[in-house]
Each structure stands twice: as C-alpha cells, then as structure tokens.
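>
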Amino acid sequence: MMLTLLFPGQGSQYPGMHQKWLEYKSFSSTLEEASDHLKLNLSSLLEEGSSEQLQQTSLTQPLILTVSYGILRVLKAEGVKEGAVLGHSLGSYTAMVASGAISFKDGLSITRKRGEMVEELLGRDFEGGLVAVMGLEEVSVREILNSHPLLDITNVNAQDQVVVGGKEEDITCLMVELKEKRIRAVKLPVSHPFHTRYLKKMVPLFAEFLTGFSFHTPAVYYISPSLAQVLTEGETIKKVLTQELTTPVRFTDSLRKVRELGANCFLEVGPRDVLSRLTKRVLPEVRAFSIDVEGLEVLGRLGHVS
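Under this note's numbering, the residue at position 156 of the sequence shown is numbered 161, and the numbers go up by one with no gaps.
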C-alpha cells in the first residue's frame, strides 16, 4: 500500500492556477520565497500574466514548480505521506524537490536557467512545439514518422497517446497526414520542442551548469521519467537530467514501474488533472486523484494521511 505523488510539466499551466491556494500560509509563503529568490514578481505573473507569458519557458518552468511545491507544502501540513514521486518532464524537478534530492531554491534556479537556455538556443521566436497523437501505439507512430524524419517522439503518455516534437513546418505536415488518415492529433500549449534533437547543443552547457549544485539521495522512491527506473544516487540523477533534454518521457513505463513497487494510489499535485487521468488509463486498477480538481476533500479518501 503506497501513495505516489505525480507532478505535472509544462503545458498544464493556466491563468489563476494559484488562486484557490492563496488562503493557506504555507502556499503563500512558498510564492514569496520563490519571488524573492528569482527576483521576479510571481504573484503578478500569475494574476496578470497573459497566456503568452505563461507559455514562455523561462517563466513557466519555475512558476509550475512553485505552484506545485506550494500545494505540496499544504498537503504536508495536512499529514500526507508518500512513498514515491514521479514527475512528467519539468515535473521531475518538483519530484526531486519533494524527495529531498535538491533544495527548493536550487530547483528554482535550475528550472529558470533551463528555460533560459532553451530560449537562447532556439530563440524566443523559434516556431516549433509538440503534438499529441491519439489512438495509436508507439510502434505505429514510429512507422508514420518514417516519412517525417525531422520529427522525434518526445512522450509516451499512455498505450494510445504518443507526443511528437519538432519544427512547426514539420508538425504541420504531420498533422495534415494524420487528418487525412482520420487520426486525432492535438497541438500542445508549449513553446519549444522539448526532448528532441533540437536541444542537443544544450546538453554540455546544461551539464556544466549543474556542476554548481548538490544532489542528494532521495528520501522516497524517485522515478526517472525518461528511464522508468528508480534512481537512488544524487549524482546519477544529475547525469540523467542532461540526457532527458533529448530523450523521450516514458510516462507509461514509469507508472508501471512504480506500480511494481507497490503503489496503489496516486495523487497529482499541481495544475490540472492530466497525469491522474493518464494514470487511470494506464493502470485502471489503481485509484488516481487530482488535488487541483478535487481539492483537499480528496485526502479523506487517500488513506495515506497521518
């Protein structure tokens, strides 16, 4: 019997995603701490920021980390005890903070710099992104990509949901073909093609940047979303973070891995309910909830609260 906390990545953000949590001191203090550390007015961005600003990678990444971790602090005050953590893409940084592998301030610094590096490498005007292909398994998507060699698989979210990334012109060509074949495809609200070849030049730069930070042994099971494995050494986690820039998120395999460890209940901590819904599809026998959608009332149904 084990609770796993799920942390969402970029694309889950929405205006006002912090509102319902402001009444909790542990959340508002987290927001203040992050604003002071980053020298950014995160409250103003969350209150007044446009949808375009909330898609700006260098802002969105620390914002999602802050909101998710602030909610986690509220849950901790309520006595929630997890046995494992799993983040989706950017969410892996929140998972690292939650597990004690890195500090909250270091997580903020790393995600801010990670976003800036992506923007500097590709340019803020880079036209590209991600598209989710629905109803096909990974092998079928790979067959289609044989005629779209400049696109990469970036996420395997469920048995029948595979995300592809690349330049806008190539994504457009793919979506035309998918439409002709009556295959559903959804463009995702992200600004850059994460987990693709287009970030290859960033790998050594990001690796060098990470040398300035200390990573520790996680206090609970930390699942690498790209390897679908439990990582127990801080230095291994640090090394894998650079590899994840150009390799796909294997969320389906990661869920199955944590299930093998004994997880029977999942709680998504952060904006929206994307991961909890995916979890129900991949592991229909488990319970999965979203704190953003269901609120603190769901804690009484978890059975993992002291």
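Every residue gets a Cβ at the ideal spot worked out from N, C-alpha and C, and that includes glycine.
1. State the DSSP-derived secondary structure class of Lys172, mapped to helix, strand or coil.
2. Using a threshold of 8 Å, state whether the C-beta atoms of Ala212 and Gln166 are closer than that.
3. Using three-state DSSP, classify Ile149 as helix, strand or coil.
4. Just the Cα atoms here: how many angstroms apart are Thr71 and Leu307?
5. On the DSSP bridge assignment, give the partners of Met139 in chain order.
6. Going by the CB atoms, is the gap between Leu135 and Leu198 shorter than 8 Å?
7. For a test of the three-state rule: what should DSSP assign to Phe218, helix, strand or coil?
8. Among residues of its own chain, excluding the 5 on either side of Glu240, which ones have a beta-carbon nearer than 7 Å to its beta-carbon?
9. Relative to the alpha-carbon of Leu288, which residue among Leu45, Leu51 and Ala268 has its alpha-carbon at the smallest distance?
10. Assess contact between the segment 77-97 and the segment 249-262, defined as three or more Cβ pairs (one per stretch) separated by less than 8 Å. Is contact present?
11. Taking its Cβ as the centre, do 16 or more other Cβ atoms sit within 10 Å of Glu265, making it buried, or is it exposed?
12. In its own chain, which residues sit with a C-beta less than 8 Å from the C-beta of Leu113, not counting the 5 before and 5 after it?
13. Runs of 3 residues minimum, wholly inside the segment 271-300: which ones carry the beta strand (DSSP E) assignment?
14. Is Leu8 closer than 8 Å to Lys86 when the C-beta atoms are compared?
15. Could you name the residues that DSSP lists as bridge partners for Asn269?
16. Where do the N-terminal and C-terminal ends of the beta strand (DSSP E) with Ile228 fall, by residue?
17. Can you find the residues in the same chain that come closer than 7 Å, C-beta to C-beta, to Leu27, ignoring five residues on each side of it along the sequence?
18. Excluding sequence positions up to five away, which residues of its chain have a Cβ less than 6 Å from the Cβ of Leu150?
19. Taking just the CA atoms, how far does Phe131 sit from Ala103?
20. When DSSP labels each residue in this structure, what does Gln234 get in the three-state scheme?
21. Let me check understanding here. Comparing Cα to Cα, which of Val169, Asp175, Ala100 and Glu124 lies closest to Tyr226?
22. Hey, Glu83 and Leu304: beta-carbon distance below 8 Å or not?
23. Buried or exposed: Val168, going by 16 or more other Cβ atoms within 10 Å of its Cβ?
24. Going by DSSP, what residues sit across from Asp157 in a beta bridge?
25. If we call anything under 8 Å between Cβ atoms a contact, is Thr62 one with Val123?
Result, derived from the coordinates:
1. Strand.
2. Going by C-beta atoms, Ala212 is not nearer than 8 Å to Gln166.
3. Reduced to three states, the DSSP call for Ile149 is helix.
4. Near 24 Å, if we compare the C-alpha coordinates of Leu307 and Thr71.
5. Answer is Gln166.
6. Before going on, a small fix: residue 198 reads as Pro here, not Leu. Yes, Cβ-Cβ distance for Pro198 and Leu135 is below 8 Å.
7. Here Phe218 sits in coil by DSSP.
8. When the five nearest sequence neighbours on each side are left out, the beta carbons in the same chain lying within less than 7 Å of the beta carbon of Glu240 are those of Phe220, in order along the chain.
9. Shortest Cα-Cα distance from Leu288 to any of Leu45, Leu51 and Ala268 involves Ala268.
10. These segments touch.
11. Exposed, by the Cβ-count rule.
12. Within the same chain, Leu113 has close Cβ partners Ala39, His42, Leu43, Pro67, Leu70 and Thr71.
13. Runs of the beta strand (DSSP E) lying entirely within the segment 271-300 and spanning at least 3 residues, in chain order: 292-295.
14. Yes, the Cβ-Cβ distance between Lys86 and Leu8 is below 8 Å.
15. According to DSSP, Asn269 bridges with nothing at all.
16. Tyr226 to Ser229 is the span of the beta strand (DSSP E), which, as asked, contains Ile228.
17. Closer than 7 Å at Cβ, skipping near neighbours: Ser33.
18. Contacts found: Leu156.
19. Cα-Cα distance, rounded: 33 Å.
20. DSSP places Gln234 within a strand segment (E or B) once states are collapsed to three.
21. Out of Val169, Asp175, Ala100 and Glu124, the CA that lies nearest to the CA of Tyr226 is found in Ala100.
22. In contact: Glu83 and Leu304 (Cβ atoms closer than 8 Å).
23. With at least 16 other beta carbons inside 10 angstroms of its own, Val168 counts as buried.
24. Residue pairing for Asp157: DSSP places it in a beta bridge opposite Gly170.
25. Yes, the Cβ-Cβ distance between Thr62 and Val123 is below 8 Å.
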